[in-house]
Amino acid sequence: MKFKSIILCVILASVVFSCEKEDDSNGNSTTNPPDTTSTGDPSFECMIDGVAFDSHILLIAGAGGSSAGVTTRTASGTVFRSNGDTITVAITATSFDADAFAVGTTFDASNTLLGDYCFGNVNVNNGAVDIEASTEDTEMANVTITQYDESTETWSGTFSFTAEDDDIGVTYVVTEGEFSLVEFD
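Offset between the sequence shown (1-based) and the working numbering: plus 677.
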């Protein structure tokens, strides 16, 4: 058992220490999210307050469903940081018309009365503080579908939103969001 624990620690350490920040031509760390859309694997990335968030390796989840005539699609990414923080970013689009989920369709947080709308969330948990920021109060979110395939039950898109946890006064600005090949089954 002790041998397995040592092997696991060595593997985890090699993964953690093999990650490097990319430098631009000036020697500065880049702040752009990495381009993972060309690999054919699911990806989920964005900028949160100007800092790259990329979860294509760790955990990407999707969900979909229909209830009472409302169709919902969600794409989310979660990162487990070495300091113990868990960060999840999610974007959800909903519509009363299932056919609205097509390439080129844009869902906006301000369209709640029309039925085609979206909302975003940023959840941060570090064991001591649990931040649950959403677009519920800001009504500032959009998602545009760039790929939608019923046969493979995957979708891709771009998104941005501003989420707020008004209980503790935290706001996150999410920009340059992009997800690819996220399942919605």
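All residues carry an ideal CB built from backbone N, CA and C; glycine is no exception.
Could you name the residues of the same chain whose beta carbon sits closer than 8 Å to that of E830, not counting the 5 residues immediately before and after it, in chain order?
Taking the first residue of the sequence shown as position 1, residue 830 is located at position 153. Result list for E830: G741, E860, F861, D862, in chain order.
Whose C-beta lies closer than 6 Å to the C-beta of E809 among residues of the same chain, with five residues either side of it excluded?
The count along the sequence shown starts at 1 and reaches residue 809 at position 132. The answer, listed in chain order, is N800, D842.
Can we say the stretch 777-789 touches the stretch 751-762, given the rule of at least three CB pairs closer than 8 Å?
No: the two stretches stay apart, fewer than three of their Cβ pairs being nearer than 8 Å.
Which residue marks the beginning of the beta strand (DSSP E) containing E722, and which one marks its end?
Counting from one through the sequence shown, the residue named residue 722 turns up at place 45. It spans 720-725 - the beta strand (DSSP E) in which E722 sits, taken as one unbroken run.
Reference T839; option with closest CA among A818, F773, S857
For the purposes of this step, residue 839 is identified with residue 162 of the sequence shown, where counting begins at 1. T839 has its Cα closest to that of A818, out of A818, F773, S857.
Terminal residues of the beta strand (DSSP E) in which I822 lies:
Residue numbering aside, residue 822 sits at position 145 when the sequence shown is read from its first letter. 817-826 is the extent of the beta strand (DSSP E) around I822.
Under 8 Å, do V850 and G797 count as touching if we go by C-beta distance?
Counting from one through the sequence shown, the residue named residue 850 turns up at place 173. Counting from one through the sequence shown, the residue named residue 797 turns up at place 120. Not closer than 8 Å, so no.
Spatial neighbours of I768 within its chain, please: CB distance less than 6 Å, with the 5 preceding and 5 following residues excluded, ordered by chain position.
Reading the sequence shown from its first residue, position 91 is the one you call residue 768. For I768, where only same-chain residues beyond five positions count, the Cβ hits under 6 Å are A752, G797, V820, F836.
Across which residues does DSSP place N800 in a beta bridge pair?
Looking up residue 800 in the sequence shown gives position 123. Answer is T765, E809, bridged to N800.
Taking the C-alpha atoms as reference points, what is the distance between W832 and I737?
Here residue 832 refers to the residue found at position 155 of the sequence shown. Here residue 737 refers to the residue found at position 60 of the sequence shown. Roughly 13 Å between the two C-alpha positions.
Out of E853, L858, A805, which one is the CA nearest neighbour of S828?
Numbered from its first residue, the sequence shown carries residue 828 at position 151. Answer by Cα proximity: L858.
Do you know how far the Cα of Y825 is from the Cα of C686?
If you number the sequence shown from 1, residue 686 lands on position 9. If you number the sequence shown from 1, residue 825 lands on position 148. With a pLDDT of 30 at C686, under the threshold of 50, the predicted position of this residue should be treated as unreliable, and no value is reported.
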